[in-house]
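Here is the structure we will look at.
Number of protein chains: 2
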Amino acid sequence: MTLPKKTQLVSRADFEARLRRIGDERYHDKHPFHRLLHGGGCTAKQVRAWVINRYYYQSRIPMKDAAFMSRCEDPDLRRAWRSRIEDHDGGPDEGGGLRRWLQLARAVGLDADYVASCEGVLPATRFAVDAYVRFVRDMPLLDAVAASLTELFAPKIHAERIAGLLAHYDFADESSVAYFRHRLDEAPKDVAFGLNYVLDHADTAEKQLAAAAALEFKTDVLWSQLDALHSAYVEPGRIPPGGWNGRSGLTVVPEREPA
Amino acid sequence: MTLPKKTQLVSRADFEARLRRIGDERYHDKHPFHRLLHGGGCTAKQVRAWVINRYYYQSRIPMKDAAFMSRCEDPDLRRAWRSRIEDHDGGPDEGGGLRRWLQLARAVGLDADYVASCEGVLPATRFAVDAYVRFVRDMPLLDAVAASLTELFAPKIHAERIAGLLAHYDFADESSVAYFRHRLDEAPKDVAFGLNYVLDHADTAEKQLAAAAALEFKTDVLWSQLDALHSAYVEPGRIPPGGWNGRSGLTVVPEREPA
Numbered sequence: 001m002t003l004p005k006k007t008q009l010v011s012r013a014d015f016e017a018r019l020r021r022i023g024d025e026r027y028h029d030k031h032p033f034h035r036l037l038h039g040g041g042c043t044a045k046q047v048r049a050w051v052i053n054r055y056y057y058q059s060r061i062p063m064k065d066a067a068f069m070s071r072c073e074d075p076d077l078r079r080a081w082r083s084r085i086e087d088h089d090g091g092p093d094e095g096g097g098l099r100r101w102l103q104l105a106r107a108v109g110l111d112a113d114y115v116a117s118c119e120g121v122l123p124a125t126r127f128a129v130d131a132y133v134r135f136v137r138d139m140p141l142l143d144a145v146a147a148s149l150t151e152l153f154a155p156k157i158h159a160e161r162i163a164g165l166l167a168h169y170d171f172a173d174e175s176s177v178a179y180f181r182h183r184l185d186e187a188p189k190d191v192a193f194g195l196n197y198v199l200d201h202a203d204t205a206e207k208q209l210a211a212a213a214a215l216e217f218k219t220d221v222l223w224s225q226l227d228a229l230h231s232a233y234v235e236p237g238r239i240p241p242g243g244w245n246g247r248s249g250l251t252v253v254p255e256r257e258p259a
Numbered sequence: 001m002t003l004p005k006k007t008q009l010v011s012r013a014d015f016e017a018r019l020r021r022i023g024d025e026r027y028h029d030k031h032p033f034h035r036l037l038h039g040g041g042c043t044a045k046q047v048r049a050w051v052i053n054r055y056y057y058q059s060r061i062p063m064k065d066a067a068f069m070s071r072c073e074d075p076d077l078r079r080a081w082r083s084r085i086e087d088h089d090g091g092p093d094e095g096g097g098l099r100r101w102l103q104l105a106r107a108v109g110l111d112a113d114y115v116a117s118c119e120g121v122l123p124a125t126r127f128a129v130d131a132y133v134r135f136v137r138d139m140p141l142l143d144a145v146a147a148s149l150t151e152l153f154a155p156k157i158h159a160e161r162i163a164g165l166l167a168h169y170d171f172a173d174e175s176s177v178a179y180f181r182h183r184l185d186e187a188p189k190d191v192a193f194g195l196n197y198v199l200d201h202a203d204t205a206e207k208q209l210a211a212a213a214a215l216e217f218k219t220d221v222l223w224s225q226l227d228a229l230h231s232a233y234v235e236p237g238r239i240p241p242g243g244w245n246g247r248s249g250l251t252v253v254p255e256r257e258p259a
């Protein structure tokens, strides 16, 4: 824990500052994999591995939000939360975030059905993401909302990603980065609601500590996914049993990879 | 269990017939409380008690459906299921089933906030309804969908209820029965999807038995709510500790009740 273990309740403004500091210190925009990705340093294989593994996270977000709603006794809270599921799943016909992520998958030369099958997802990715879904299903609602506040830090990374992908990769165009463009609109609305909820409900020192710990937990969930990706596909580049081998699910002939 | 314990897989048509027979034998349209209600035999207090207790069931349906979605790994299944939550919760501003139920509550002289608070709900109602939410959260998806198939039998009871309420009670008008009118449109769409899902997925004798048992379980959930209501407010009319006393939450002067 990097937070001081204060036992007094701090003011709303101080508590918000504390939450934002967690992002400054621990959000995954600081991870070397993202620097590599946004700076144009990733091979096609590394980009694909990121797309495959990150899809697993995306695919569990609506389940996580449904788990949250399944515990909301307040219809108003459910009504406010529901758009998160709609944003990701879309309707039976029209697109949503998951389908936009699959557009990105196609753009990088992956078979969308392969990506959607979640085959080849790194076990460590599954463990981290599943831990998040369980956290939201089991923990107090306040903690569950606080864990969603990594969205506070997301617009910056999405903007960097759009610029970085478009600047450095041939596959990148408006269609393949559509997921991130949409999140730039969707995330601020969600996070304004979530931040207010947390600031309103964390009305004891214990709840403030718990909410901050929940947000730290969530930064761990995101960071550990990139650690796993980096370990498997960058350095040392040791793909664990069950991880995508760089060849399955391709729709294009793979470039020659260094041995 | 009233079903024969067959161990062979039966045909799709025979299995559907078996499911429909469960409704013929056990659906709560056969309960004496509904006969009393639809026939005009309920006192104002009994109607109010029904409105208060049934709200609890309504209020948990979106949580039940969210619990189901939180377990759906298939985005298409989630997309098809999501409208159930929308139907009941409505949007942040526009009405949904819960708000239509509160219109009924107002029409029968109850304070909507009192009803929405779920104070005064009979403990047995809570136990039955909470058992249903837990069932959907914990059991195989097939069983969870099968439990929803009481909707197969709902249009008949809704039509009887609309006619019975309008014919026999001063409070009843189109606004107060709007909940049931909407369900006449919403339920068939849901149940067509659910029935197909169950017929498609119950592809072994064991799964057919489990799905039938799940539907029986759900008829128990509905029936036991009416038993509790009947016991508390009709015969013997012994309101258990914690149950609505006939006076809380009224917006009108209560009629004189027999001692």
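First to last, the protein sequences are chains H and E.
Just so you know, the working numbering puts 130 at position 130 of the first sequence, and the rest follows in order with no gaps.
Just so you know, the working numbering puts 195 at position 195 of the second sequence, and the rest follows in order with no gaps.
Yeah, the Cβ is synthetic: ideal placement off N, Cα and C, and Gly gets one too.
Would you report the Cα separation of residue i and residue j, rounded to the nearest angstrom?
i: residue 194/E; j: residue 38/H; result: 45 Å
i: residue 33/E; j: residue 225/E; result: 10 Å
i: residue 260/H; j: residue 232/H; result: Outside the displayed span of chain H (1 to 259) sits residue 260/H, for which this structure offers no information.
i: residue 43/H; j: residue 110/H; result: 14 Å
i: residue 222/E; j: residue 46/E; result: 17 Å
i: residue 186/E; j: residue 189/H; result: 30 Å
i: residue 21/E; j: residue 243/E; result: 34 Å
i: residue 11/H; j: residue 54/H; result: 36 Å
i: residue 261/E; j: residue 167/E; result: Chain E is shown from 1 up to 259; residue 261/E falls before or after that span and cannot be answered.
i: residue 184/H; j: residue 25/H; result: 22 Å
i: residue 132/E; j: residue 112/H; result: 37 Å
i: residue 76/H; j: residue 171/H; result: 42 Å
i: residue 36/H; j: residue 120/H; result: 22 Å
i: residue 79/E; j: residue 118/H; result: 19 Å
i: residue 213/H; j: residue 202/H; result: 12 Å
i: residue 73/H; j: residue 139/H; result: 15 Å
i: residue 108/H; j: residue 48/H; result: 6 Å
i: residue 258/H; j: residue 163/H; result: Only weak support exists for where residue 258/H lies, its pLDDT of 49 falling under 50; the value from the coordinates is given anyway. The alpha-carbon atoms of residue 258/H and residue 163/H are separated by roughly 28 Å.
Do residue j and residue i count as a contact pair if the criterion is CB distance below 8 Å?
i: residue 59/E; j: residue 104/E; result: no
i: residue 84/E; j: residue 179/E; result: no
i: residue 124/H; j: residue 228/H; result: yes
i: residue 115/H; j: residue 51/H; result: yes
i: residue 210/H; j: residue 142/H; result: yes
i: residue 147/E; j: residue 215/E; result: yes
i: residue 70/H; j: residue 66/E; result: yes
i: residue 207/E; j: residue 136/E; result: no
i: residue 97/E; j: residue 87/E; result: yes
i: residue 122/E; j: residue 240/E; result: yes
i: residue 62/E; j: residue 93/E; result: no
i: residue 219/H; j: residue 27/H; result: yes
Step through the CB atoms of chain B and report whether any lies within less than 8 Å of the CB of residue i.
i: residue 247/H; result: The structure shown contains no chain B; its protein chains are H and E.
Is there a Cβ from chain H that is less than 8 Å from the Cβ of residue i?
i: residue 162/E; result: no
i: residue 22/E; result: no
i: residue 66/E; result: yes
i: residue 62/E; result: yes
i: residue 104/E; result: no
i: residue 188/E; result: no
i: residue 194/E; result: no
i: residue 89/E; result: yes
Identify whether residue i lies in helix, strand or coil by the three-state DSSP scheme.
i: residue 250/H; result: strand
i: residue 110/H; result: strand
i: residue 245/H; result: coil
i: residue 169/H; result: coil
i: residue 59/H; result: helix
i: residue 219/H; result: helix
i: residue 139/E; result: coil
i: residue 9/E; result: coil
i: residue 93/E; result: coil
i: residue 204/H; result: coil
i: residue 27/H; result: coil
i: residue 71/E; result: coil
i: residue 102/E; result: helix
i: residue 175/E; result: coil
i: residue 32/H; result: helix
Does any residue of chain E bring its CB to less than 8 Å from the CB of residue i?
i: residue 117/H; result: no
i: residue 121/H; result: no
i: residue 128/H; result: no
i: residue 98/H; result: yes
i: residue 80/H; result: yes
i: residue 52/H; result: no
i: residue 32/H; result: no
i: residue 72/H; result: yes
Members of the segment 130-146 of chain E that neighbour chain H once the beta carbon cut-off is set at 8 Å | 133, 137
If you measure beta-carbon to beta-carbon, which residues of the segment 226-243 of chain H are closer than 9 Å to chain E?
-> none
In chain order, what residues of the segment 165-178 of chain H put their CB closer than 7 Å to some CB of chain E?
-> none
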